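Protein chains: 2
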Amino acid sequence: MMEVLLLFFLATIIVATSNGYHVEIPYQIHLLRPQTGAGGHHVHGLSCLSWRLGVETNNIIGWTTVPQACEGYVGHYMLGHQYRKDWKVVANAACLYAQGLNLTGDGKDIWVFDVDETTLSNLPYYADHGFGAEVYNSTLFNAWVLTGKAPALPESLKLYQKLLSLGIKVVFITGRSEDQRNVTETNLKNVGFHTWKKLILKQSSESGTTAVVYKSSKRKELEAKGYRIVGNIGDQWSDLLGTHVGNRTFKAPDPMYYIS
Amino acid sequence: MMEVLLLFFLATIIVATSNGYHVEIPYQIHLLRPQTGAGGHHVHGLSCLSWRLGVETNNIIGWTTVPQACEGYVGHYMLGHQYRKDWKVVANAACLYAQGLNLTGDGKDIWVFDVDETTLSNLPYYADHGFGAEVYNSTLFNAWVLTGKAPALPESLKLYQKLLSLGIKVVFITGRSEDQRNVTETNLKNVGFHTWKKLILKQSSESGTTAVVYKSSKRKELEAKGYRIVGNIGDQWSDLLGTHVGNRTFKAPDPMYYIS
Numbered sequence: 001m002m003e004v005l006l007l008f009f010l011a012t013i014i015v016a017t018s019n020g021y022h023v024e025i026p027y028q029i030h031l032l033r034p035q036t037g038a039g040g041h042h043v044h045g046l047s048c049l050s051w052r053l054g055v056e057t058n059n060i061i062g063w064t065t066v067p068q069a070c071e072g073y074v075g076h077y078m079l080g081h082q083y084r085k086d087w088k089v090v091a092n093a094a095c096l097y098a099q100g101l102n103l104t105g106d107g108k109d110i111w112v113f114d115v116d117e118t119t120l121s122n123l124p125y126y127a128d129h130g131f132g133a134e135v136y137n138s139t140l141f142n143a144w145v146l147t148g149k150a151p152a153l154p155e156s157l158k159l160y161q162k163l164l165s166l167g168i169k170v171v172f173i174t175g176r177s178e179d180q181r182n183v184t185e186t187n188l189k190n191v192g193f194h195t196w197k198k199l200i201l202k203q204s205s206e207s208g209t210t211a212v213v214y215k216s217s218k219r220k221e222l223e224a225k226g227y228r229i230v231g232n233i234g235d236q237w238s239d240l241l242g243t244h245v246g247n248r249t250f251k252a253p254d255p256m257y258y259i260s
Numbered sequence: 261m262m263e264v265l266l267l268f269f270l271a272t273i274i275v276a277t278s279n280g281y282h283v284e285i286p287y288q289i290h291l292l293r294p295q296t297g298a299g300g301h302h303v304h305g306l307s308c309l310s311w312r313l314g315v316e317t318n319n320i321i322g323w324t325t326v327p328q329a330c331e332g333y334v335g336h337y338m339l340g341h342q343y344r345k346d347w348k349v350v351a352n353a354a355c356l357y358a359q360g361l362n363l364t365g366d367g368k369d370i371w372v373f374d375v376d377e378t379t380l381s382n383l384p385y386y387a388d389h390g391f392g393a394e395v396y397n398s399t400l401f402n403a404w405v406l407t408g409k410a411p412a413l414p415e416s417l418k419l420y421q422k423l424l425s426l427g428i429k430v431v432f433i434t435g436r437s438e439d440q441r442n443v444t445e446t447n448l449k450n451v452g453f454h455t456w457k458k459l460i461l462k463q464s465s466e467s468g469t470t471a472v473v474y475k476s477s478k479r480k481e482l483e484a485k486g487y488r489i490v491g492n493i494g495d496q497w498s499d500l501l502g503t504h505v506g507n508r509t510f511k512a513p514d515p516m517y518y519i520s
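Keeping their order, the protein sequence lines are chains A and B. Position 247 of the first sequence, counted from 1, bears residue number 247 in the numbering used here, the numbering being contiguous throughout. Position 158 of the second sequence, counted from 1, bears residue number 418 in the numbering used here, the numbering being contiguous throughout.
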């Protein structure tokens with residue numbers, strides 16, 4: 001997936017430096033504004049860096065799309081170095097925390113991972129759909145999911161490997177639906193997430209529940225079975241709030257969409 | 261306090277562009293590195309922007325000082341436009357939320373404000389003490405508090421005024437000690453925070469408790485008295501985590517120190 005990211009990055013540069021307009025490239029990237037760099041300056045009326053911080057700190061909630069003025073900013077952010085750097089800091093903090101744990105070795109210490117934008121990256125899809133500035137289209141997104149071609153988030157994969165080496169078991173809790181189990185399993189394995197204790201997907205009966213309620217319920221069931229959630233990582237605050245959130249939570253970066 | 265911030269900003273420019281070294285100015289600012297701008301680039305081995313995001317999202321916890329490599333970055337951030345822009349986004353989100361509330365008008369709807377770096381700014385002090393890169397010195401800091409010269413955070417003051425206009429009562433819960441009540445009251449009033457329902461300071465018997473335990477306990481007491489905490493704003497996650505946190509919380513920016 002590094003190649004994919006690199007391709008994106010080069011494509012971005014071409015778009016940004018040639019004429020600054022729509023260019024037909026494999027993953028079409030919409031108008032990227034060179035003046036809206038990762039520093040977030042020069043956006044009239046809105047600091048996209050401040051908007052992103054507001055999103056990441058859960059101050060800005062319930063939004064449906066990335067502000068139009070920040071589409072280029074978010075594109076540059078996701079395709080550039082800063083997203084990777086932000087991920088490195090999260091994964092590093094999680095690794096340091098995990099290394100310092102007193103583990104029992106009874107197989108009941110688990111770490112909860114979300115899937116989309118936490119384990120698997122949907123950047124190839126979102127790069128083609130305005131980096132979250134376009135209204136979410138479940139039909140198109142599910143078609144992408146069914147390709148099974150989502151790359152791993154590299155820092156997340158390193159964290160996963162570290163946790164396994166420490167004897168911590170991994171549980172995936174995802175908002176993906178049960179009928180996407182096979183493609184999700186294959187996708188996870190293909191990109192390096194080879195093993196897990198449980199992969200929990202949303203049942204059709206749960207389709208109406210919010211992520212925070214659904215995921216709290218699943219974590220409660222895990223604890224009822226004697227598992228100890230030593231850590232919990234997700235790109236949405238709805239992965240990390242509610243009940244039974246775990247001994248420590250980690251917020252992975254994601255300025256592209258919001259799930260309540 | 262706008263004048264104070266402007267003075268700081270100009271002072272920064274002088275330091276950064278003249279020779280880049282120690283210059284004796286009213287609020288002495290330590291070596292500011294022009295290459296570590298608000299974008300956080302060009303820091304070897306550490307992205308200070310990613311570090312700041314890690315702090316603001318509560319991924320990096322329990323730290324005692326700003327990393328030495330980020331002192332210049334944090335200084336530029338605090339004295340430049342980005343800190344103000346970040347605050348604007350928080351205050352704007354809080355105002356929008358408050359405006360949308362269905363309030364009863366019975367005087368029981370309250371908003372909890374922390375004081376330091378949420379209501380009052382200690383930037384004049386921290387600018388003189390490495391922006392958090394120096395080890396915290398309670399003697400020096402308390403001497404600064406006793407001057408009563410902390411300026412208001414401008415965006416916080418606007419939020420405060422908006423909340424009062426909506427009929428929401430304000431309660432301050434601060435880690436400042438009871439013996440700093442008079443100077444805190446005077447300081448708050450002098451910079452525009454003229455009225456409040458309660459100003460809760462830490463009793464000497466509570467000096468050993470963490471902020472998260474102390475503040476949860478105080479919020480619990482408020483709810484027991486029939487108050488409804490409709491909102492809660494603080495620069496530390498320990499203001500916003502624990503129990504009885506309120507219907508919605510807002511994280512104000514602060515990359516200078518960590519309180520558990």
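Using N, Cα and C, we set each Cβ at its ideal position, and we do this for glycine too. Here the structure is a predicted model, which means the values were calculated and not measured.
Taking its Cβ as the centre, do 16 or more other Cβ atoms sit within 10 Å of residue 346 of chain B, making it buried, or is it exposed? Residue 346 of chain B sits at position 86 when you count from the first residue of the second sequence. By the neighbour-count rule (16 or more Cβ atoms within 10 Å), residue 346 of chain B is buried.
Below 8 Å, can you find three or more Cβ-Cβ pairs linking the stretch 481 to 498 of chain B to the stretch 365 to 374 of chain B? yes
For the pair the stretch 232 to 251 of chain A and the stretch 73 to 85 of chain A, tell me if three or more CB-CB distances fall below 8 Å. no
Cβ neighbour criterion (16 or more within 10 Å) applied to residue 71 of chain A: As a position in the first sequence, residue 71 of chain A is number 71, starting the count at 1. Classification of residue 71 of chain A: buried, given that the 10 Å Cβ count is 16 or more.
Residues that residue 115 of chain A contacts on chain B, provided the C-beta gap is smaller than 7 Å: In the first sequence, counting from the first residue as 1, residue 115 of chain A sits at position 115. By Cβ distance, chain B contributes nothing, its closest Cβ being about 19 Å from residue 115 of chain A, past 7 Å.
Could you tell me the distance, in whole angstroms, from the CA atom of residue 418 of chain B to the CA atom of residue 427 of chain B? For this step, residue 418 of chain B is matched to residue 158 along the second sequence. For this step, residue 427 of chain B is matched to residue 167 along the second sequence. Those two C-alpha atoms are separated by around 15 Å.
Provide the residue(s) that pair with residue 111 of chain A in DSSP beta bridges, ordered along the chain. The residue you call residue 111 of chain A lines up with position 111 of the first sequence. Note: residue 111 of chain A sits in a beta bridge opposite A:170, A:231.
For a contact defined as C-beta to C-beta under 7 Å, what are the partners of residue 86 of chain A on chain B? Locating residue 86 of chain A in the first sequence gives position 86, counting from the first residue. The answer, in chain order, is 310, 313.
With a 10 Å radius around its C-beta and 16 neighbouring C-beta atoms as the bar for buried, classify residue 423 of chain B as buried or exposed. Here residue 423 of chain B refers to the residue found at position 163 when the second sequence is read from its first residue. Buried, since its Cβ has 16 or more Cβ neighbours within 10 Å.
Which same chain residues, not among the five before or five after residue 152 of chain A, have their C-beta less than 8 Å away from its C-beta? What you label residue 152 of chain A is simply residue 152 of the first sequence in a count that begins at 1. The answer, listed in chain order, is 1, 119, 120, 121, 191, 192, 193.
Please return the same chain residues whose Cβ sits closer than 6 Å to the Cβ of residue 435 of chain B, not counting the five positions on each side in sequence. Looking up residue 435 of chain B in the second sequence gives position 175. The answer, listed in chain order, is 462, 471.
Extract the residue ranges of the beta strand (DSSP E) inside the stretch 444 to 491 of chain B, only unbroken runs of 3 or more that lie entirely within it. 458 to 462
Check the Cβ-Cβ distances between residue 578 of chain B and every residue of chain A, and say whether any is below 7 Å. In the structure displayed, chain B extends from 261 to 520; residue 578 of chain B sits before or after that span and is not available.
By the 9 Å beta-carbon criterion, what residues does the stretch 238 to 251 of chain A contribute toward chain D? No chain D appears in the structure shown, which is made up of the protein chains A and B.
Taking residue 258 of chain A as the reference, which of A:205, A:89, A:134, A:170 has the closest Cα? Locating residue 258 of chain A in the first sequence gives position 258, where the first residue counts as 1. Closest by alpha carbon: A:134.
Which of the three DSSP states, helix, strand or coil, is assigned to residue 511 of chain B? Counting from 1 along the second sequence, the entry for residue 511 of chain B is found at position 251. Residue 511 of chain B falls in the strand class under three-state DSSP.
Contact set for residue 353 of chain B: own chain, Cβ-Cβ below 8 Å, skip 5 residues either direction: By 1-based counting over the second sequence, the position of residue 353 of chain B is 93. Taken in chain order, the residues that qualify are 510.
Through-space distance from residue 243 of chain A to residue 216 of chain A, alpha-carbon basis: Reading the first sequence from its first residue, position 216 is the one you call residue 216 of chain A. Reading the first sequence from its first residue, position 243 is the one you call residue 243 of chain A. Those two C-alpha atoms are separated by around 5 Å.
Measure from the alpha carbon of residue 415 of chain B to the alpha carbon of each residue in B:315, B:355, B:325, then state which is nearest. Translated into the one-based positions of the second sequence, residue 415 of chain B becomes position 155. Checked all of B:315, B:355, B:325; the closest Cα to residue 415 of chain B is B:355.
Thinking residue 171 of chain A and residue 189 of chain A are a contact (beta carbons under 8 Å), I'd like their distance in whole angstroms, please. As a first step, residue 171 of chain A is located in the first sequence; it is residue number 171 there, counting from the start. As a first step, residue 189 of chain A is located in the first sequence; it is residue number 189 there, counting from the start. In fact, because the Cβ distance is near 16 Å, the residues do not count as touching under 8 Å.
DSSP has residue 376 of chain B in a bridge; who is on the other side? Counting from 1 along the second sequence, the entry for residue 376 of chain B is found at position 116. DSSP lists B:380 as partners of residue 376 of chain B.
Determine whether the Cβ of residue 493 of chain B lies closer than 7 Å to any Cβ atom of chain A. Start at 1 with the first residue of the second sequence, and residue 493 of chain B comes out as number 233. Closer than 7 Å: no.
Could you say which of A:245, A:248, A:260, A:235 lies nearest to residue 117 of chain A if we only look at CA atoms? If you number the first sequence from 1, residue 117 of chain A lands on position 117. Nearest option by C-alpha distance: A:235.
I need the straight-line Cα distance from residue 206 of chain A to residue 213 of chain A, nearest angstrom please. Counted from its first residue, the first sequence places residue 206 of chain A at position 206. Counted from its first residue, the first sequence places residue 213 of chain A at position 213. Those two C-alpha atoms are separated by around 10 Å.
Would the beta-carbon of residue 74 of chain A fall within 7 Å of that of residue 141 of chain A? Against the first sequence, residue 74 of chain A aligns to sequence position 74. Against the first sequence, residue 141 of chain A aligns to sequence position 141. No; because the gap between Cβ atoms is not below 7 Å, this pair is not in contact.
If you measure from the beta carbon of residue 428 of chain B to each beta carbon in chain A, is any gap under 7 Å? Taking the second sequence and counting its residues from 1, the one referred to as residue 428 of chain B is at position 168. So, not an interface residue.
Could you tell me which chain B residues have their CB closer than 9 Å to the CB of residue 47 of chain A, listed as they occur along the chain? Locating residue 47 of chain A in the first sequence gives position 47, counting from the first residue. Under the 9 Å cutoff, chain B gives 341, 342, 345, 346, 348, 349.
Using 7 Å as the limit for Cβ to Cβ distance, is residue 393 of chain B near chain A? Start at 1 with the first residue of the second sequence, and residue 393 of chain B comes out as number 133. Closer than 7 Å: no.
Under the three-state reduction of DSSP, which class applies to residue 408 of chain B: helix, strand or coil? Start at 1 with the first residue of the second sequence, and residue 408 of chain B comes out as number 148. If DSSP states are grouped into helix, strand and coil, residue 408 of chain B belongs with coil.
Just curious, the alpha helix (DSSP H) that residue 520 of chain B is in, first and last residue? Counting from one through the second sequence, the residue named residue 520 of chain B turns up at place 260. No alpha helix (DSSP H) contains residue 520 of chain B, which DSSP labels as neither H nor E.
Go ahead and pull the three-state DSSP assignment for residue 175 of chain A. Here residue 175 of chain A refers to the residue found at position 175 when the first sequence is read from its first residue. Strand.
When DSSP labels each residue in this structure, what does residue 504 of chain B get in the three-state scheme? Walking along the second sequence from the start, residue 504 of chain B turns up at place 244. Coil.
For the alpha helix (DSSP H) that residue 497 of chain B lies in, which residues bound it at each end? Start at 1 with the first residue of the second sequence, and residue 497 of chain B comes out as number 237. That residue, residue 497 of chain B, is in no alpha helix (DSSP H); it is neither H nor E in DSSP.
Proximity of residue 478 of chain B and residue 493 of chain B at Cβ, strictly below 7 Å: In the second sequence, counting from the first residue as 1, residue 478 of chain B sits at position 218. In the second sequence, counting from the first residue as 1, residue 493 of chain B sits at position 233. Cβ distance not < 7 Å, so residue 478 of chain B and residue 493 of chain B don't count as in contact.
Contacts of residue 523 of chain B in chain A (Cβ-Cβ under 8 Å): Outside the displayed span of chain B (261 to 520) sits residue 523 of chain B, for which this structure offers no information.
Since residue 54 of chain A and residue 349 of chain B should fall inside the 8 Å C-beta cutoff, what is the C-beta to C-beta distance between them, to a whole number of angstroms? Sequence index remark: in the first sequence, residue 54 of chain A carries index 54 (1-based). Sequence index remark: in the second sequence, residue 349 of chain B carries index 89 (1-based). About 4 Å separates the two Cβ atoms, so the contact holds.
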